Amino acid sequence: MGLNVIVGVPAHAEDDRTGTAGADLAVIAELLERAGAQQWTGPGPAEVRSTDFEMWGYSGLHAVRRLAVHLAADGRLPEPLDEGRRATDDPLLTEVYRSVPGDPPGPFDHLIHHSDCEGYYVPVDFARVIVDEKAPGGHLGSSVRLLAEVRRIAKALGLPEDIDPDSEEVVDAADAEDPDAEGWRRYGVESHDCLRLLEAAKLSVETGAAIAFS
Numbered sequence: 032m033g034l035n036v037i038v039g040v041p042a043h044a045e046d047d048r049t050g051t052a053g054a055d056l057a058v059i060a061e062l063l064e065r066a067g068a069q070q071w072t073g074p075g076p077a078e079v080r081s082t083d084f085e086m087w088g089y090s091g092l093h094a095v096r097r098l099a100v101h102l103a104a105d106g107r108l109p110e111p112l113d114e115g116r117r118a119t120d121d122p123l124l125t126e127v128y129r130s131v132p133g134d135p136p137g138p139f140d141h142l143i144h145h146s147d148c149e150g151y152y153v154p155v156d157f158a159r160v161i162v163d164e165k166a167p168g169g170h171l172g173s174s175v176r177l178l179a180e181v182r183r184i185a186k187a188l189g190l191p192e193d194i195d196p197d198s199e200e201v202v203d204a205a206d207a208e209d210p211d212a213e214g215w216r217r218y219g220v221e222s223h224d225c226l227r228l229l230e231a232a233k234l235s236v237e238t239g240a241a242i243a244f245s
């Protein structure tokens, strides 16, 4: 099974294609209030259209997070993954996954500290990831912060935001996984999923709709 990032979770839906129940939305409102964050009053069911963004599997998301933890640690991108090696084998990423978001927040907390298969990002700006067992997936993130964090990674990659992730050049780079390539093409999978996350986060912020992982 692949990983889809879905934008278009109405604020007042009883149920929708993402499986969002009214109970989830009530929990989001409670968590935002307890955190002292602005309430989410996104579009209603008739005002939003769900849009899917297909990631390069779960491994692609973890590969982007691997770049983030290295940038946070020393300001540099790590070498591309060796063939057959998974991002989750990276000791630094493993260490960060075992930790909780710090205070003050780290530069990539909203990207890193979130389930890879469920949970939400809402277009509300709050600094600290909300960690609570009531939250679907255990975390509630800000798509405003997610956008800023992924833009930092794209800048480090030298990746223009206006490239289509479905374009031949991006897909070919992701398929090749060639460490001898130049620029962002050395990190083909990571670049593809950076572009996907940028698309999703921008749409969330522009429309006021939440992001769901599915």
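Under our numbering, the first residue of the sequence shown carries the number 32, and numbering increases by one thereafter.
All C-beta atoms in this analysis are idealised placements derived from N, C-alpha and C, irrespective of residue type, glycine included.
None of the values given here were measured: they were computed from a predicted structure.
As a beta-bridge residue in DSSP terms, Ser173 pairs with Val153. Taken through DSSP and simplified to helix, strand or coil, Glu85 comes out as strand. Ser245 places its beta carbon less than 7 Å from that of Asn35. Beta-bridge annotation (DSSP): Phe139 is not paired with any residue. For the options Gly75, Glu199 and Val160, the alpha carbon positioned closest to that of Leu63 is the one of Val160. Under DSSP, the beta-bridge partners assigned to Ala243 are Ile37 and Tyr151. The C-beta distance from Gly137 to Ala179 rounds to 13 Å, too long to fall under 8 Å, and the pair is not in contact. With respect to the C-alpha of Ala185, the residue from Ala207, Leu124, Pro154 and Gly214 having the closest C-alpha is Gly214. In the structure shown, Val181 falls within a helical segment according to DSSP collapsed to helix, strand and coil. Per DSSP, reduced to three states, the secondary structure at Ile161 is strand.
When the five nearest sequence neighbours on each side are left out, the beta carbons in the same chain lying within less than 7 Å of the beta carbon of Arg107 are those of His101, in order along the chain. Note on Pro135: under 16 other CB atoms within 10 angstroms of its CB, so exposed under the neighbour-count rule. In the DSSP assignment, Val220 falls within the alpha helix (DSSP H) that extends over Gly219 to Thr238. Non-local C-beta neighbours of Leu124 in its own chain, meaning closer than 8 Å and more than five positions away in sequence, comprise His93, Arg96, Arg97, Val100 and Ala118, ordered along the chain. Asp147 is a Cβ neighbour of Tyr89, given a cutoff of 7 Å. With a cutoff of 7 Å on beta-carbon distance, Val38 and Ala240 are scored as near each other.
The Cβ-Cβ distance between Val175 and Trp87 does not fall below 7 Å. The beta carbon of Gly91 lies closer than 6 Å to those of Val220 and Asp224 in the same chain, with the five residues before and after it left out. Here DSSP, grouped into helix, strand and coil, assigns Asp105 to helix. Here the alpha carbons of Ser235 and Ser81 stand approximately 11 Å from one another.
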